[in-house]
Amino acid sequence: MSGEKSTIDGLVEQKYQHGFVTDIESDTLPPGLSEDVIRVISARKNEPEWLLEWRLKAYASWLDMQQPDWAHLNIDAIDFQAISYFSAPKSDKDRPQSLDDVDPKLLETYDKLGVPLHERARLAGVAVDAVFDSVSVGTTFKAELMKAGVVFCSFSEAVKDHPELVQKYLGTVVPQRDNFFAALNSAVFTDGSFVFIPKGVRCPMELSTYFRINAAETGQFERTLIVAEEGSHVSYLEGCTAPMRDENQLHAAVVELVALEDANIKYSTVQNWYPGDENGLGGIYNFVTKRGDCRGPRSRISWTQVETGSAITWKYPSCILRGDDSVGEFYSVALTNNYQQADTGTKMIHIGRNTRSKVISKGISAGHGQNAYRGLVRMTPKAENARNYTQCDSMLIGKKCGAHTFPYIEVRNPSAKVEHEATTSRIGEDQLFYCLQRGISEEDAVSMIVDGFCKQVFKELPMEFAVEAKALLEVSLEGAVG
Amino acid sequence: MLKIKNLHANVAGKEILKGLNLELKAGEIHAIMGPNGAGKSTLGNVLAGREGYEVTRGEVIFNGKNLLELEPEERACEGVFLAFQYPVEIPGVNNTYFLRAALNAQRKYRGEAELDSVGFLRLVREKLEVLHIGDELLHRAVNEGFSGGEKKRNEIFQMAVLEPTLAILDETDSGLDIDALKTVAEGVNRLRSADRGMIVITHYQRLLDYIVPDKVHVLADGKLVATGGAELALKLEEQGYAWLEDGGIASLGVESAGQVLQP
Numbered sequence: 392m393s394g395e396k397s398t399i400d401g402l403v404e405q406k407y408q409h410g411f412v413t414d415i416e417s418d419t420l421p422p423g424l425s426e427d428v429i430r431v432i433s434a435r436k437n438e439p440e441w442l443l444e445w446r447l448k449a450y451a452s453w454l455d456m457q458q459p460d461w462a463h464l465n466i467d468a469i470d471f472q473a474i475s476y477f478s479a480p481k482s483d484k485d486r487p488q489s490l491d492d493v494d495p496k497l498l499e500t501y502d503k504l505g506v507p508l509h510e511r512a513r514l515a516g517v518a519v520d521a522v523f524d525s526v527s528v529g530t531t532f533k534a535e536l537m538k539a540g541v542v543f544c545s546f547s548e549a550v551k552d553h554p555e556l557v558q559k560y561l562g563t564v565v566p567q568r569d570n571f572f573a574a575l576n577s578a579v580f581t582d583g584s585f586v587f588i589p590k591g592v593r594c595p596m597e598l599s600t601y602f603r604i605n606a607a608e609t610g611q612f613e614r615t616l617i618v619a620e621e622g623s624h625v626s627y628l629e630g631c632t633a634p635m636r637d638e639n640q641l642h643a644a645v646v647e648l649v650a651l652e653d654a655n656i657k658y659s660t661v662q663n664w665y666p667g668d669e670n671g672l673g674g675i676y677n678f679v680t681k682r683g684d685c686r687g688p689r690s691r692i693s694w695t696q697v698e699t700g701s702a703i704t705w706k707y708p709s710c711i712l713r714g715d716d717s718v719g720e721f722y723s724v725a726l727t728n729n730y731q732q733a734d735t736g737t738k739m740i741h742i743g744r745n746t747r748s749k750v751i752s753k754g755i756s757a758g759h760g761q762n763a764y765r766g767l768v769r770m771t772p773k774a775e776n777a778r779n780y781t782q783c784d785s786m787l788i789g790k791k792c793g794a795h796t797f798p799y800i801e802v803r804n805p806s807a808k809v810e811h812e813a814t815t816s817r818i819g820e821d822q823l824f825y826c827l828q829r830g831i832s833e834e835d836a837v838s839m840i841v842d843g844f845c846k847q848v849f850k851e852l853p854m855e856f857a858v859e860a861k862a863l864l865e866v867s868l869e870g871a872v873g
Numbered sequence: 208m209l210k211i212k213n214l215h216a217n218v219a220g221k222e223i224l225k226g227l228n229l230e231l232k233a234g235e236i237h238a239i240m241g242p243n244g245a246g247k248s249t250l251g252n253v254l255a256g257r258e259g260y261e262v263t264r265g266e267v268i269f270n271g272k273n274l275l276e277l278e279p280e281e282r283a284c285e286g287v288f289l290a291f292q293y294p295v296e297i298p299g300v301n302n303t304y305f306l307r308a309a310l311n312a313q314r315k316y317r318g319e320a321e322l323d324s325v326g327f328l329r330l331v332r333e334k335l336e337v338l339h340i341g342d343e344l345l346h347r348a349v350n351e352g353f354s355g356g357e358k359k360r361n362e363i364f365q366m367a368v369l370e371p372t373l374a375i376l377d378e379t380d381s382g383l384d385i386d387a388l389k390t391v392a393e394g395v396n397r398l399r400s401a402d403r404g405m406i407v408i409t410h411y412q413r414l415l416d417y418i419v420p421d422k423v424h425v426l427a428d429g430k431l432v433a434t435g436g437a438e439l440a441l442k443l444e445e446q447g448y449a450w451l452e453d454g455g456i457a458s459l460g461v462e463s464a465g466q467v468l469q470p
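Spelled out as structure tokens, the structure:
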């Protein structure tokens, strides 16, 4: 053996593979936040008056709010006046009409990320609404989706083309003043995705969006709204990578899901924002509010997330189980390496009768990573016969990392059943040696063991995504041992 | 094939092996017996390169190479296989997937083409048939929830697929009922071949009813204190290890290990 070098302690030295900057001139607002800035954003996007009012109301709320500090996170103070709140690729003026018109440099960026947009979309049958900085640049498969009556477009387009839908649902799941970061997002969000699946329609393909932060010092404030009408089905994939940068970048997205009677929404995320370097310098601050509302009876919302990136992750994709017999699910893998910190989990709010929820959370900590699971299960007085099952497992790689579990269980209905299981394990020297003795290298052994640990979650991901997630985990764990 | 000369090894700062000598030729099966705490399992772990087993003196030459200089995975790829006394569970990792990864890592090391899943499955079916093992082990996670017997059978199955040059069976018989023991022994016997050496570490003679060794060594207090044929195992069974200390070796007239291996 190579002595101390081969102890399971290292977990550092992983280089971010997607670290490069595309030089497209950005049309960026100077840093700072004020009512005027919000008016400029709204004007640049040619928004209707009601949306500007909505933003301003959010801004007014935000001014009264404090940044939350209850999470198990160590965060440097964020100067919200040092951030620029709008950045659009210059080609915005004459927007590309199809992928052929897209700036080749941009497509090249996607290629480097392993997302050859056109090919990938064609081969995999996935429609891609790519967000590059703040403005959508390409949308594919629109025609086929249109035939099915599905609306899948950028948020800005939705405001223009389907204002009644946006106005009807925006902020109904995550209100403007829901929390500090949601309020900020509501005030300054620049773009995002909008999905509408009409009654009885099963979306003919998986919908996928790739996000990418590019311009320096630009906060990214995405807004996503998915509405599934009665009896409809949709599976939505979201994945992101970001280029190398030293300054901390703020990301505060809001995602709202609405599932009406018998509707089914599956939302999958692979998150790989720049995590900072091995000394904890740089990296994305990711404060996300994701919530799904099972508004109708027998509706179902399922969140699956694989979180490997960001210096700081603050994220609790939640389900409000309002409709009787509705179902909420949360499957999560969160990995923290080097100096990454994650405080993530879910909230399952049971309101309707016979509502069910399932939470499977897998936290992996390596290096100096700190990983906290924070989950709320609330059974309200009306939630007759509601059930929850929570399984929360943590794996530690090395000796300097930490895993924490903060379960909150509130039961106000005696017929409700809540189960919570939690385990913490250290990746075993004996497991590693067993693999080595069969000829498998240390690095392959670690990723194999971690992959096995995450299997319950990976099997919930759509096929291509599962492969990607597995690869991402492997990349994120490179140099973890040895 | 394997030459161990004056091997000294520490575990947690304590000397466990104290000058062990052993020579194993291709095609031979050697049994190593001895009382608890004699260093039997330590020998297996030292040969496989487990962390925490520190060699302080001596050398191990395996097919002309200095084994002690190699990483554990390199030793495996060179053909050293350790059947674990306590096979390790790896939850969520499919047994077949694991074994294929292992085989392909070894093939790659040797410059052979990796097997695709079809070719691998063919090989696996073949081995299962020879060993009379059902295919239910294939679909489960590595050793997860396996009974003691299943775990040991799985070790033998892995050995059959990986086809090592040197197989070390560390108390593979411990905790097995007689049927499981027979299955394991039969598996080992089928893998007996002119170009493969095996070291069978055991506490009891029972296993040697089914696996007939070419030589039996007695390991006590970190050294081989006696070497003989299969009859030595029977004698030990009859008399117990205490008999060794009472000068039993002389009474049996077997060679002492020291004499055999000293130049």
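For the protein sequence lines, the chains are Y and P, in the order given.
Following the working numbering, the residues of the first sequence are numbered contiguously, the last one being 873.
Following the working numbering, the residues of the second sequence are numbered contiguously, the last one being 470.
Even glycine gets a Cβ: it sits at the ideal position worked out from N, Cα and C.
Because the structure is a prediction, the values reported are computed rather than measured.
Distance between residue j and residue i (C-alpha atoms, nearest Å)
i                       : j                        : result
glutamate 343 (chain P) : glycine 583 (chain Y)    : 48 Å
glycine 404 (chain P)   : alanine 374 (chain P)    : 6 Å
serine 723 (chain Y)    : arginine 314 (chain P)   : 36 Å
glycine 286 (chain P)   : serine 717 (chain Y)     : 56 Å
valine 517 (chain Y)    : valine 625 (chain Y)     : Residue placement at valine 517 (chain Y) cannot be trusted, given a pLDDT of 40 that sits under 50; the coordinates are not used to answer.
lysine 790 (chain Y)    : glycine 758 (chain Y)    : 8 Å
valine 368 (chain P)    : histidine 795 (chain Y)  : 41 Å
glycine 388 (chain Y)   : isoleucine 656 (chain Y) : Missing from the structure shown is residue 388 (chain Y); chain Y here goes from 392 to 873 and no further.
lysine 221 (chain P)    : arginine 257 (chain P)   : 16 Å
leucine 868 (chain Y)   : glutamate 834 (chain Y)  : 8 Å
alanine 451 (chain Y)   : glutamine 847 (chain Y)  : 43 Å
serine 752 (chain Y)    : glycine 436 (chain P)    : 57 Å
leucine 322 (chain P)   : threonine 372 (chain P)  : 20 Å
leucine 787 (chain Y)   : alanine 308 (chain P)    : 24 Å
leucine 335 (chain P)   : alanine 427 (chain P)    : 37 Å
leucine 224 (chain P)   : asparagine 677 (chain Y) : 55 Å
aspartate 380 (chain P) : leucine 414 (chain P)    : 6 Å
Contacts around residue i, its chain only, beta-carbon distance under 8 Å, and the 5 residues preceding and following it disregarded
i                        : result
methionine 839 (chain Y) : Cys826 and Ile831
lysine 484 (chain Y)     : Because the pLDDT of lysine 484 (chain Y) is 42, which lies under 50, any placement of that residue in the model is unreliable, and the number read from its coordinates should be weighed accordingly. No residues qualify anywhere along the chain.
Three-way DSSP call (helix, strand, coil) for residue i in this model
i                        : result
valine 431 (chain Y)     : helix
glutamate 812 (chain Y)  : strand
tyrosine 293 (chain P)   : coil
threonine 581 (chain Y)  : coil
glutamate 440 (chain Y)  : helix
alanine 875 (chain Y)    : The structure shown has nothing for residue 875 (chain Y), since chain Y only spans 392 to 873.
lysine 232 (chain P)     : coil
glutamate 285 (chain P)  : helix
glycine 326 (chain P)    : helix
aspartate 684 (chain Y)  : strand
isoleucine 831 (chain Y) : coil
CB contact flag (residue i, residue j, <9 Å)
i                       : j                        : result
glutamate 266 (chain P) : asparagine 273 (chain P) : yes
proline 294 (chain P)   : asparagine 361 (chain P) : yes
glutamine 365 (chain P) : arginine 829 (chain Y)   : yes
Beta-carbon contacts of residue i that lie in its chain and below 7 Å, excluding the five residues immediately before and after
i                       : result
glutamate 438 (chain Y) : Val550
leucine 464 (chain Y)   : Ile703, Trp705, Gln732 and Asp734
lysine 749 (chain Y)    : Glu720 and Tyr780
tyrosine 316 (chain P)  : Cys284
lysine 448 (chain Y)    : Gln567
alanine 348 (chain P)   : Ile297, Pro298, Gly299, Val300, Asn301 and Asn302
Chain P residues whose Cβ lies nearer than 7 Å to that of residue i
i                        : result
methionine 786 (chain Y) : Near methionine 786 (chain Y) there are no residues of chain P at all, since even the closest Cβ is about 10 Å away, more than 7 Å.
isoleucine 831 (chain Y) : Glu280, Ala308, Ala309 and Ala312
glutamate 820 (chain Y)  : Glu258
glutamine 828 (chain Y)  : Ala255, Pro279, Ala283 and Leu289
Proximal chain Y residues relative to residue i, where beta-carbon distance stays under 7 Å
i                      : result
arginine 257 (chain P) : Phe824
Cutoff 6 Å; reference residue i; Cβ partners in own chain excluding five residues on either side
i                       : result
glutamine 458 (chain Y) : Phe571
threonine 814 (chain Y) : Asp784
Amino acids of chain P, ordered along the chain, whose beta-carbon sits closer than 8 Å to that of residue i
i                           : result
lysine 905 (chain Y)        : The structure shown does not extend to residue 905 (chain Y), since chain Y is modelled only from 392 through 873, so no value can be given for it.
phenylalanine 844 (chain Y) : Pro298 and Gly299
aspartate 552 (chain Y)     : The contacting residues do not exist; aspartate 552 (chain Y) stays about 45 Å from chain P at best.
Contacts of residue i in chain P (Cβ-Cβ under 9 Å)
i                        : result
isoleucine 840 (chain Y) : Ile297, Pro298, Gly299 and Val300
Cross-chain neighbours of residue i in chain Y, by beta carbon under 8 Å
i                       : result
glutamine 365 (chain P) : Arg829
Distance cut-off 8 Å: residue i Cβ against heavy atoms of the ligand FAD
i                        : result
asparagine 570 (chain Y) : Ligands are entirely absent from the displayed structure, and the ligand FAD is therefore not among its contents.
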